[in-house]
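Trainee:
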Amino acid sequence: MTPRKFAPYQFLFAALAFSAVLTASAFCQENNAQEKQESERYSPILGIAPESDPFFPSRMETVTGETVPSEAFLNPERCKTCHGDIYAQWKGSMHSNSWNDPLFQALMRVASKETAGATDKFCLGCHTPVGVISGEIPPIDASSMTEVASMGVFCDFCHTISKTKGVGNLPAISEPGIVKRGPFDDFKSPFHKVQFSEVHTSAEFCGLCHNVSHPTSGLPIEQTYTEWLTGPYRDAGTPCQHCHMTPPNPPTAFTKNPGKACVMGPERDHWWTHEFVGGNAVVTELLGSKVHADHARNRLKAAAKLEIIPSDMPQRPGLFEFRVKVSNVGCGHYLPTGLTEMREMWLDVSVVDAEGNVLHHSGALDANGEIDPDAVIYHTVLGDANGNPTWKMWEAARVLNDYRIPPMGYRLERYSAYVSADAKLPLTVRAKLNYRSVAPHLVKMLLGDQAFEVPIIEMTQAELVTE
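Numbers -26 to -1, 1 to 441, taken from mature numbering (1 follows the signal peptide of the UniProt record, and there is no 0), label the letters of the sequence shown in order.
1) Taking Cβ to Cβ, would you say Val173 is nearer than 7 Å to Thr198?
2) By the DSSP assignment, the alpha helix (DSSP H) with Asp59 in it spans what residues?
3) For Gly156, which of helix, strand or coil comes out of DSSP?
4) Going by other Cβ atoms of all chains shown within 10 Å of its Cβ, with 16 needed for buried, is His415 buried or exposed?
5) With DSSP run on the structure shown, which of helix, strand or coil describes Gly99?
6) Pick out the complete beta strand (DSSP E) segments inside the stretch 322 to 373, 3 residues or longer, and give them in chain order.
7) How far does the beta strand (DSSP E) with Leu407 in it extend, from its first residue to its last?
8) Distance, Cα to Cα, Arg317 vs Glu196?
9) Which residue from Thr229, Pro43, Asp59 and Glu437 puts its Cα closest to that of Gly239?
10) Would you call the stretch 361 to 371 and the stretch 285 to 295 touching, i.e. three or more CB-CB distances under 8 Å?
11) Under the rule that 16 or more other beta-carbon atoms within 10 Å means buried, what is Asp209, buried or exposed?
12) What did DSSP end up calling Arg242 once you bin it into helix, strand or coil?
13) On the premise that Pro206 lies in contact with Met382, defined as a C-beta separation below 8 Å, what is that separation, rounded to the nearest angstrom?
14) Between the alpha carbons of His184 and Asn71, how many angstroms are there, rounded?
15) So, helix, strand or coil for Asp376, using DSSP?
16) Rounded to a whole number of angstroms, what is the C-alpha to C-alpha distance between Gly151 and Gly422?
17) Closer than 8 Å is the cut-off here; do at least three beta carbon pairs connect the stretch 234 to 248 with the stretch 268 to 277?
18) Looking only at DSSP bridge pairs, what is Phe296 linked to?
19) Are the CB atoms of Arg33 and Pro145 within a distance shorter than 7 Å?
20) If you follow the beta strand (DSSP E) that Met433 is part of, which residue opens it and which one closes it?
21) Count the CB pairs spanning the stretch 393 to 402 and the stretch 213 to 220 that are closer than 8 Å, and state whether there are at least three.
22) Could you tell me if Leu386 is buried or exposed, where buried requires 16 or more neighbouring beta carbons within 10 angstroms of its beta carbon?
23) The alpha helix (DSSP H) with Ala267 in it runs from where to where?
24) By DSSP's criteria, Lys279 is part of a beta bridge. Which residues make up the other side?
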């Protein structure tokens, strides 16, 4: 029996859309006119924000509405003097490598070429925000980019955001200067002013970039924030920071981090870490940070749980049927999340008899490292205007399929294996949940001779021996 691969996206989208409408309604009742005006001005849909905006189609703003030179932002090396621990955690993270990521740069070159540059400021608004805000982007070849702009998402960009206008496609107002905003205001720095910012402590701050909609159609593409917003972790009062800005061990639980956020600062019972641990082990290690790669691997291995459930005991000859339950036990968003049209999470399931004869195997790799087409794969499939599958998000006009696991949710996958009369009992069923950050054929397509090997991470496994 071929395992079920996809579930209709329409039901997921309808549920998210309905929940979003209810949430928006609750927040907007008192200020409908103002919110309507702001939503029109700051909508991510292409053509609503004015094309005269220097950062169009990114939703990023400045106080003056003009570009700001990159010299207005402090190089993280200067922040390191007083915030050494935070700097060390950030350095090597995917935030610090959001521009340097070679796979992203290759993807940007394709996107820029195929859209005549229309994607440049849109994508790079979150991957090198200072590059965009300073006018150094475009061009995307970094020929005009200063060192500080190449440092990705860094200290002084985040901590000088003075206001946000919702979530998705970076609707933030950048105000670089002497005032640094964050979770504390009980300390006076001799170097800069300190201002408490509630938005910096909220999931909405992460949602600035971790919700991406197509800039032309508004099609939801990467919706990590929305997945959290409509799920149980929000109701439990657990924002993104509780998992992604706390000590990485244990990987998926909130742990206090006592100490000093600044060498001259007070002792605190908790200050927020800056590893920003996610699931990308390949790029972090490729760019020299094994510690961040190890954190990512540990995070993935704590995200899910497998259980093998037999329908009945095997008969000879006959059909042995069983189910594999895949539970999302460690993510406040869908599993996987983010760029899920390129990511791969799949089940590798086998059944062998007592002599090691393989009765069933699903999820193996072929000679090119590609996944068995009959495997259960958890991902999304985007479609272009003609309904053809595409991994190019700029071509996306619809979501053809979305088959992933919601937070605290699960999927039940059905399998069967034919047991011949001469098969030796007992049978052993093995199931593994595997993850790759990107499919190998895409790496080869984008990087050519510079392509790197994408490791497979075994997230979890289960085994059942029949009686």
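A virtual CB, placed ideally from N, CA and C, is assigned to each residue, including glycine.
Mentor: Looking at the atomic coordinates:
1) Residue numbering aside, residue 173 sits at position 199 when the sequence shown is read from its first letter. Residue numbering aside, residue 198 sits at position 224 when the sequence shown is read from its first letter. Contact flag unset, no.
2) Start at 1 with the first residue of the sequence shown, and residue 59 comes out as number 85. Looking at the DSSP string, the run of the alpha helix (DSSP H) that includes Asp59 is Gly58 to Trp64.
3) Residue 156 sits at position 182 when you count from the first residue of the sequence shown. In the structure shown, the three-state DSSP call for Gly156 is strand.
4) One-based indexing of the sequence shown puts residue 415 at position 441. Classification for His415: exposed.
5) Sequence index remark: in the sequence shown, residue 99 carries index 125 (1-based). Correct three-state label for Gly99: helix.
6) Runs of the beta strand (DSSP E) inside the stretch 322 to 373: 332 to 336 and 351 to 357.
7) Your numbering for residue 407 matches position 433 in the sequence shown. That run of the beta strand (DSSP E) goes Thr402 to Arg410.
8) By one-based count along the sequence shown, residue 317 stands at place 343. By one-based count along the sequence shown, residue 196 stands at place 222. One C-alpha to the other measures close to 12 Å.
9) As a working note, residue 239 is residue 265 in the sequence shown. The shortest CA-to-CA distance from Gly239 to any of Thr229, Pro43, Asp59 and Glu437 is the one to Asp59.
10) Output reads no: the stretch 285 to 295 does not touch the stretch 361 to 371.
11) As a first step, residue 209 must be located in the sequence shown, where it is residue number 235. Exposed is the call here.
12) By one-based count along the sequence shown, residue 242 stands at place 268. In the three-state DSSP reduction, Arg242 falls in the strand class (E or B).
13) Position 408 of the sequence shown holds residue 382. Position 232 of the sequence shown holds residue 206. Indeed, because the Cβ distance is near 5 Å, the residues count as touching under 8 Å.
14) Here the question's residue 184 lines up with position 210 in the sequence shown. Here the question's residue 71 lines up with position 97 in the sequence shown. Straight across, the Cα-Cα distance linking His184 with Asn71 is about 16 Å.
15) Locating residue 376 in the sequence shown gives position 402, counting from the first residue. Correct three-state label for Asp376: strand.
16) Sequence index remark: in the sequence shown, residue 151 carries index 177 (1-based). Sequence index remark: in the sequence shown, residue 422 carries index 448 (1-based). Computed Cα separation, rounded: 42 Å.
17) The stretch 234 to 248 makes no contact with the stretch 268 to 277, as fewer than three CB pairs between them are under 8 Å.
18) Within the sequence shown, the letter at position 322 stands for residue 296. Partner(s): Pro284 and Tyr389.
19) Counting from one through the sequence shown, the residue named residue 145 turns up at place 171. Counting from one through the sequence shown, the residue named residue 33 turns up at place 59. In this structure, Pro145 places its C-beta atom within 7 Å of the C-beta atom of Arg33.
20) Translated into positions along the sequence shown, residue 433 becomes position 459. Residues Ile431 to Val439.
21) They do not touch, by the three-pair rule.
22) Position 412 of the sequence shown holds residue 386. Result: exposed.
23) Translated into positions along the sequence shown, residue 267 becomes position 293. Boundaries of the alpha helix (DSSP H) harbouring Ala267: Lys264 to Lys275, taken from the DSSP string.
24) Position 305 of the sequence shown holds residue 279. Residue pairing from DSSP places Lys279 in a beta bridge opposite Ser301.
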